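Chemist: Which chain is which? The protein sequence lines are A and B, in order. Going by numbering that gives the first Met the number 0, 82 is the number at position 83 of the first sequence; the sequence numbering is gapless. Going by numbering that gives the first Met the number 0, 323 is the number at position 324 of the second sequence; the sequence numbering is gapless. The structure follows.
Number of protein chains: 2
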Amino acid sequence: MPRYKLALLGFGNVGRSLALLLQRKEAELRDRYDITFNVTGIATGRHGAAICPDGLDYVRAVKMVEAGESLADLSRLPVQDNFDFLRNCGADVLFENTPVNHETGQPAINHLHLALELGMHAITANKGPVVHAYRDLKKFSEEHNKKFYFESTVMDGAPIFSLFRSALPAARLLGLRGILNSTTNLILGRMESGESFDVAVQYAQSVGLAETDPSADVDGWDAAIKVAALVTVLMDIPFIPQQVDRTGIRLITPEMIAQAKAQGKRWKLVCSAERQADSVKGRVAPELVSSSSPLYSVEGSSSIVEFHTDTLSSLSIVEGNPGPQTTAYGLLADFINAVR
Amino acid sequence: MPRYKLALLGFGNVGRSLALLLQRKEAELRDRYDITFNVTGIATGRHGAAICPDGLDYVRAVKMVEAGESLADLSRLPVQDNFDFLRNCGADVLFENTPVNHETGQPAINHLHLALELGMHAITANKGPVVHAYRDLKKFSEEHNKKFYFESTVMDGAPIFSLFRSALPAARLLGLRGILNSTTNLILGRMESGESFDVAVQYAQSVGLAETDPSADVDGWDAAIKVAALVTVLMDIPFIPQQVDRTGIRLITPEMIAQAKAQGKRWKLVCSAERQADSVKGRVAPELVSSSSPLYSVEGSSSIVEFHTDTLSSLSIVEGNPGPQTTAYGLLADFINAVR
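What follows is the structure, encoded as structure tokens:
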């Protein structure tokens, strides 16, 4: 039975949830998939890094970081920086979960590139590398006979990329339509309950969904990045967020919300993409959605994508109640699918 | 490049749609999946059967059957019956699409069994064998190193079984909830527009959804069979339709429909299953669904299933606009997944 060495680069909510999920699923991986593993390295943003070639106590690492302690004490080797960490962790599989850089995808792209070069499967929940370097990383992974997987980059752990990779062969994606940004969906929902835009934004900030500067969400950038990732991968057409025709939700007024409600409709920030003759039209904009649309019932931080293909005219995936643990599941699924 | 010999047993709407889909996707299968094929046999219910070891013109066969002609003229070999057909068609892959027998699953079970014994992958859109012989056929297929796949038995061609097989590793299904019977969903929708139950049933019959005797649909049997299939396969717990606590839609009155509508709710025939300590609770019954449920917007012949797992708390699959061509796609996907 193979024993895989795992490295976790980035140990925030998602990385720590992955560690706890790995512990919870350890017996199942062994009994059902013949997979055993050690975690040989964990690198955090602000609590140091640890490398133990024989495997480290990754559950203890979660507790240490949550208590504000440094992991350096656990390490058998000194670690200079993230690249040094990758070179010395000796892993077979890298989970890259450093913060997303929307502009360039760096340094995550370089992390994944180095991991593949060192013979690791490269798994990430980071959208940056998918939007900015998908083709290069995919080609590089194939040259090294390793996998570059990123299920958790869109709709948390819901199977989107693996669906097309394995369960929908010979289905050509013609278009898609969905709700892919939780923060704006939550804000619009709060406004339906009577809150002003500003109060709804404050609420989204208070529950940890919106950033201090909410513009990446409310101006549609996050949604545009997800459209770009889906088009790039599932249509195999390079597409950047700047190519998405993008309108945020700042102009949606309480009056518009009330008027929609009176008509039995809802405002949603709708993401869409459609294949044209030689190109793709991508769009993020508020739309009035009626109750006959599967988008209508998507509440709060839930998300949906409806796919139109040349074989199934409408197939939708809906994820409810996401959180760091669902994102962690996407990473675990990528690991299993990479090695089985 | 391998050249697979295909046999189609059952050549109704679904079988003929599969033939046309095979033609449409022939180049894509070759170029993208390195799969080439011949159709070496087609057996119909009422228009004879044909076997051609070198491959037969399956598009011509569609036209002949649709013109009411017998396929016997195309055949290089005499064909006595379906078992004789299987023994002599020389195929590597069987598509079994004979009419469903809800009581016993026969003779489809015997067809699939013989096909596996003869070294074919056994693919079916027929629910009977899944409900009545899943474990046996699965074990038998593994012993013969062949695949027994049946994606099209529930929700047409939407990926349900392949989703759990390939895209959702290490996800334990705890429960499910869905709308799986098109006919009752259409009838309830027509009643919302003001039709009586009887008129709505007649409409469903006129568009070919309901049978002359609509009881299999309106009394919940078809839905119960689908619940049994999902539980049997996805929870790996043998479960028969008779174990499903079943209530049909005959007692739903126009008054109840109107009252629900006034509350912003809809009556839906809801299928559900839930794991208990040592068993499963399966249920089919009309339920009032509110607009916050993903079931709310499922109209007409569309269908949905919401899965609750130990890793993703809510993942729904929605299929819109199904038809024989979507069922055919499920069969094609099974073929590709069986051989790739």
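Virtual Cβ for every residue (Gly too), placed ideally from N, Cα, C. A quick note: this is a predicted structure, and the numbers were derived from the prediction, not measured.
1) Would the stretch 192-208 of chain B count as touching the stretch 131-143 of chain B if we require 3 or more Cβ pairs under 8 Å?
2) Going by alpha carbons, who is nearest to residue 138/A out of 217/A, 235/A, 168/A?
3) Does the pairing of the stretch 149-164 of chain B with the stretch 243-261 of chain B give three or more beta-carbon distances under 8 Å?
4) What ranges does the beta strand (DSSP E) occupy inside the stretch 139-209 of chain A, keeping only unbroken runs of at least 3 residues that lie completely in it?
5) Within the continuous alpha helix (DSSP H) that includes residue 281/A, where are the two ends?
6) Restricting to runs no shorter than 3 residues, where is the beta strand (DSSP E) found entirely within the stretch 220-278 of chain A?
7) What does the alpha-carbon distance come out to for the pair residue 184/A and residue 249/A?
8) Over what stretch of residues does the alpha helix (DSSP H) that includes residue 16/B continue unbroken?
9) Given 8 Å as the limit, is there contact between the stretch 84-95 of chain A and the stretch 32-43 of chain A, that is, 3 or more CB pairs closer than that?
10) Just the chain E side, please: which residues come within less than 8 Å of residue 12/A by C-beta, in chain order?
11) Please list the partners that residue 317/A has in chain B, where partner means a Cβ-to-Cβ separation under 9 Å.
12) Measuring CB to CB, does residue 289/B end up less than 8 Å from residue 321/B?
13) Any beta-carbon of chain A closer than 8 Å to the one on residue 122/B?
14) Quick check: is the beta carbon of residue 325/B nearer than 8 Å to any beta carbon in chain A?
15) What is the DSSP secondary structure of residue 112/A, reduced to helix, strand or coil?
16) Go to residue 315/B, then tell me how far its beta strand (DSSP E) extends in each direction, as first and last residue.
17) Just by C-beta distance, which residues in the stretch 151-177 of chain B are closer than 7 Å to chain A?
18) Check whether the Cβ of residue 283/A lies closer than 7 Å to any heavy atom of the ligand COA, and answer yes or no.
19) What does DSSP give as the partner residue(s) for residue 304/A in the beta ladder?
20) Pair every Cβ in the stretch 111-123 of chain B with every Cβ in the stretch 56-69 of chain B, then say whether three or more of these pairs are closer than 8 Å.
21) Would you kindly report the start and end of the unbroken beta strand (DSSP E) that includes residue 2/B?
22) Please return the same chain residues whose Cβ sits closer than 7 Å to the Cβ of residue 274/A, not counting the five positions on each side in sequence.
23) Whose C-beta lies closer than 6 Å to the C-beta of residue 226/B among residues of the same chain, with five residues either side of it excluded?
24) Does residue 278/A get closer than 8 Å to chain B when you measure Cβ to Cβ?
25) Need the endpoints of the alpha helix (DSSP H) that residue 336/B sits in, please.
26) Given residue 36/A, which residues of its chain have a CB within under 6 Å of its CB, disregarding the five upstream and five downstream residues?
27) Per DSSP, what are the beta-bridge partners of residue 131/A in this structure?
28) Can you pull the chain A neighbours of residue 337/B, defined as C-beta to C-beta under 7 Å?
29) Under 7 Å between beta-carbons, which chain B residues line up against residue 298/A? List them in chain order, please.
30) Exposed or buried, which one is residue 324/A when buried takes at least 16 other CB atoms within 10 Å?
31) From the DSSP output, in three-state form, read off residue 99/A for me.
32) Please list, in chain order, the chain A residues whose beta carbon lies closer than 7 Å to that of residue 24/B.
33) Ordered along the chain, which non-local residues of its own chain (more than five positions away) have a Cβ less than 6 Å from that of residue 284/A?
34) Show which residues of chain A have a CB atom less than 9 Å away from the CB atom of residue 184/B.
35) By alpha-carbon positions, which one of 126/B, 154/B, 168/B ends up nearest to residue 181/B?
Modeler: On the basis of the data shown:
1) no
2) For this step, residue 138/A is matched to residue 139 along the first sequence. Among 217/A, 235/A, 168/A, the Cα nearest to that of residue 138/A belongs to 235/A.
3) no
4) 172-178
5) For this step, residue 281/A is matched to residue 282 along the first sequence. First-last for residue 281/A: 279-289, but that is the beta strand (DSSP E), not the alpha helix (DSSP H).
6) 264-274
7) For the purposes of this step, residue 184/A is taken as the residue at position 185 of the first sequence. For the purposes of this step, residue 249/A is taken as the residue at position 250 of the first sequence. Each residue's alpha carbon lies about 13 Å from the other.
8) Counted from its first residue, the second sequence places residue 16/B at position 17. Where residue 16/B is concerned, the enclosing alpha helix (DSSP H) stretches over 12-32.
9) yes
10) Judged by its chain identifiers, the structure shown contains no chain E, and its protein chains are A and B.
11) Locating residue 317/A in the first sequence gives position 318, counting from the first residue. Those are 293, 303, 305, 313, 314, 315, 316, 317, listed as they occur along chain B.
12) Reading the second sequence from its first residue, position 290 is the one you call residue 289/B. Reading the second sequence from its first residue, position 322 is the one you call residue 321/B. No, they are not a contact pair.
13) What you label residue 122/B is simply residue 123 of the second sequence in a count that begins at 1. Residue 122/B does not count as touching chain A.
14) Mapped onto the second sequence, residue 325/B falls at position 326. So, interface residue.
15) Walking along the first sequence from the start, residue 112/A turns up at place 113. Reduced to three states, the DSSP call for residue 112/A is helix.
16) Start at 1 with the first residue of the second sequence, and residue 315/B comes out as number 316. Taken as a continuous stretch (DSSP letters only), the beta strand (DSSP E) holding residue 315/B covers 313-319.
17) 156, 157, 158, 161, 162, 165, 166, 167, 168, 169
18) Looking at this structure, you won't find the ligand COA or any other ligand, since it has none at all.
19) As a position in the first sequence, residue 304/A is number 305, starting the count at 1. According to DSSP, which records beta bridges pairwise, residue 304/A is partnered with 177/A, 316/A.
20) no
21) For this step, residue 2/B is matched to residue 3 along the second sequence. Element bounds for residue 2/B: 2-8.
22) For the purposes of this step, residue 274/A is taken as the residue at position 275 of the first sequence. 173, 174, 234, listed in sequence order.
23) Locating residue 226/B in the second sequence gives position 227, counting from the first residue. 243, 270, 272, 281.
24) By one-based count along the first sequence, residue 278/A stands at place 279. Not closer than 8 Å to any Cβ of chain B, the Cβ of residue 278/A fails to qualify, so no.
25) What you label residue 336/B is simply residue 337 of the second sequence in a count that begins at 1. Per DSSP, residue 336/B belongs to the alpha helix (DSSP H) from 323-338.
26) Indexing the first sequence from 1 puts residue 36/A at position 37. Cβ within range, chain order: 3, 5.
27) Within the first sequence, residue 131/A is the residue found at index 132, counting from 1. None, per the DSSP bridge assignment.
28) Taking the first residue of the second sequence as position 1, residue 337/B is located at position 338. Per Cβ cutoff of 7 Å: no residues; residue 337/B is ~11 Å from chain A at best.
29) Against the first sequence, residue 298/A aligns to sequence position 299. Simply 291.
30) Your numbering for residue 324/A matches position 325 in the first sequence. Classification of residue 324/A: buried, given that the 10 Å Cβ count is 16 or more.
31) To locate residue 99/A, count along the first sequence from 1; it is residue 100. Coil, per DSSP.
32) Taking the second sequence and counting its residues from 1, one reaches residue 24/B at position 25. Simply 169.
33) Residue numbering aside, residue 284/A sits at position 285 when the first sequence is read from its first letter. Excluding sequence neighbours, residue 284/A sits near 246.
34) On the second sequence, position 185 is the one that residue 184/B refers to. The contacting residues do not exist; residue 184/B stays about 13 Å from chain A at best.
35) Here residue 181/B is taken as the residue at index 182 of the second sequence, counted from 1. It is 154/B whose Cα lies nearest to the Cα of residue 181/B.
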